[in-house]
Ligand SMILES: NC(=O)c1ccc[n+]([C@@H]2O[C@H](COP(=O)([O-])OP(=O)(O)OC[C@H]3O[C@@H](n4cnc5c(N)ncnc54)[C@H](OP(=O)(O)O)[C@@H]3O)[C@@H](O)[C@H]2O)c1
């Protein structure tokens, strides 16, 4: 495997932009590609490195190529597609996919990489925009241990925890567990705050009292203030959550796993989309309850 000095980052969105920034700040030669070129230009202005007009071009000569785009089809487009990174990646380099995508896609990419003697790691992240900006993401990885060990020091530059969960697709399966756990939890938090409001309690005081006890959670800690203020123009978009829950529910059917609450909350998110909240944070489940009054 090649010593990692040059990296390519594909997809400078809410997550990718700061993640790529950490790599450049730590001295790696960073080549970037973004579909909307203006974002790549802004990134180069802020961090240095170089912007390229296609993923294939950006990946030229890179020892490690990192991708963080939207969904399965977006990943295909920038990897195996016409001007995708796999057309220029050299033997001994490694492809890391940070997109939250399906387990099938991870297996598909793993096979495509093997054909070209390129390593592959599916590496979805958790921790949101804040985690990406602060270099404090949790990264769940699937792939071969030798590839993981080689890529680890680079992923560690923007992570609080980077863990190999097993063979290719294990990272995506772990991220599915993460999303399943969050779905029911956020609905519970929304119902609790809704109940507190209806009961005429001071919602902030209620949270101050219960947050340190058994009901406490990351969502409660980080989202209660904006939920009480009815502010949702931030955070992790409902549209992305529905994409993730679709992945979870499809995989669950195949595994014969039963996810009744996840399926129900997915429908609640469809309600939020119908009232115009596709880009709102996932905590907007509370808005749906208030709306129903
Ligand atoms: N935001 C979060 O809190 C969060 C947390 C954990 C995981 N994730 C996951 O991380 C991934 C990225 O999320 P994000 O919030 O960074 O999304 P985002 O802000 O919408 O950025 C998506 C990026 O992908 C690019 N892209 C999308 N489709 C493409 C295509 N077909 N070809 C080329 N580029 C394409 C976009 O380019 P343009 O600039 O041209 O649109 C943009 O750079 C998603 O899978 C999401 O589920 C997000």
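Numbering (my numbering), first residue to last: 118 to 410.
Yeah, the Cβ is synthetic: ideal placement off N, Cα and C, and Gly gets one too.
Alpha helix (DSSP H) segment containing residue i, residue limits
{"i": "residue 230", "result": "220-232"}
{"i": "residue 379", "result": "377-391"}
{"i": "residue 216", "result": "Counting along the chain, residue 216 falls outside any alpha helix (DSSP H), and DSSP gives it neither H nor E."}
{"i": "residue 288", "result": "287-315"}
{"i": "residue 254", "result": "Looking at the DSSP string, residue 254 is not in any alpha helix (DSSP H); the run it does join, the beta strand (DSSP E), is 254-260."}
{"i": "residue 341", "result": "335-345"}
{"i": "residue 82", "result": "Residue 82 is absent from the structure shown; the chain starts at 118 and stops at 410."}
{"i": "residue 249", "result": "245-250"}
{"i": "residue 121", "result": "Counting along the chain, residue 121 falls outside any alpha helix (DSSP H), and DSSP gives it neither H nor E."}
Between the CA atoms of residue j and residue i - distance to the nearest angstrom
{"i": "residue 123", "j": "residue 230", "result": "19 Å"}
{"i": "residue 405", "j": "residue 332", "result": "22 Å"}
{"i": "residue 213", "j": "residue 223", "result": "10 Å"}
{"i": "residue 199", "j": "residue 346", "result": "46 Å"}
{"i": "residue 243", "j": "residue 288", "result": "11 Å"}
{"i": "residue 202", "j": "residue 171", "result": "8 Å"}
{"i": "residue 312", "j": "residue 342", "result": "16 Å"}
{"i": "residue 264", "j": "residue 175", "result": "21 Å"}
{"i": "residue 196", "j": "residue 126", "result": "12 Å"}
{"i": "residue 314", "j": "residue 138", "result": "42 Å"}
{"i": "residue 344", "j": "residue 400", "result": "7 Å"}
{"i": "residue 160", "j": "residue 254", "result": "20 Å"}
{"i": "residue 132", "j": "residue 320", "result": "31 Å"}
{"i": "residue 118", "j": "residue 188", "result": "29 Å"}
{"i": "residue 130", "j": "residue 180", "result": "22 Å"}
Residue i burial status per 10 Å Cβ neighbour count (16 or more: buried)
{"i": "residue 237", "result": "buried"}
{"i": "residue 294", "result": "exposed"}
{"i": "residue 339", "result": "exposed"}
{"i": "residue 205", "result": "buried"}
{"i": "residue 394", "result": "buried"}
{"i": "residue 135", "result": "buried"}
{"i": "residue 258", "result": "buried"}
{"i": "residue 232", "result": "exposed"}
{"i": "residue 392", "result": "exposed"}
8 Å contact criterion, which residue i and residue j should meet: CB distance rounded
{"i": "residue 192", "j": "residue 218", "result": "6 Å"}
{"i": "residue 296", "j": "residue 361", "result": "5 Å"}
{"i": "residue 337", "j": "residue 306", "result": "6 Å"}
{"i": "residue 271", "j": "residue 140", "result": "7 Å"}
{"i": "residue 166", "j": "residue 148", "result": "6 Å"}
{"i": "residue 185", "j": "residue 128", "result": "4 Å"}
Endpoints, beta strand (DSSP E) assigned at residue i
{"i": "residue 278", "result": "276-283"}
{"i": "residue 237", "result": "236-239"}
Q. Which parts of the segment 126-200 are runs of the alpha helix (DSSP H), unbroken and 4 residues or longer, counting only runs that do not cross its ends?
A. 133-142, 154-164, 172-175 and 189-196
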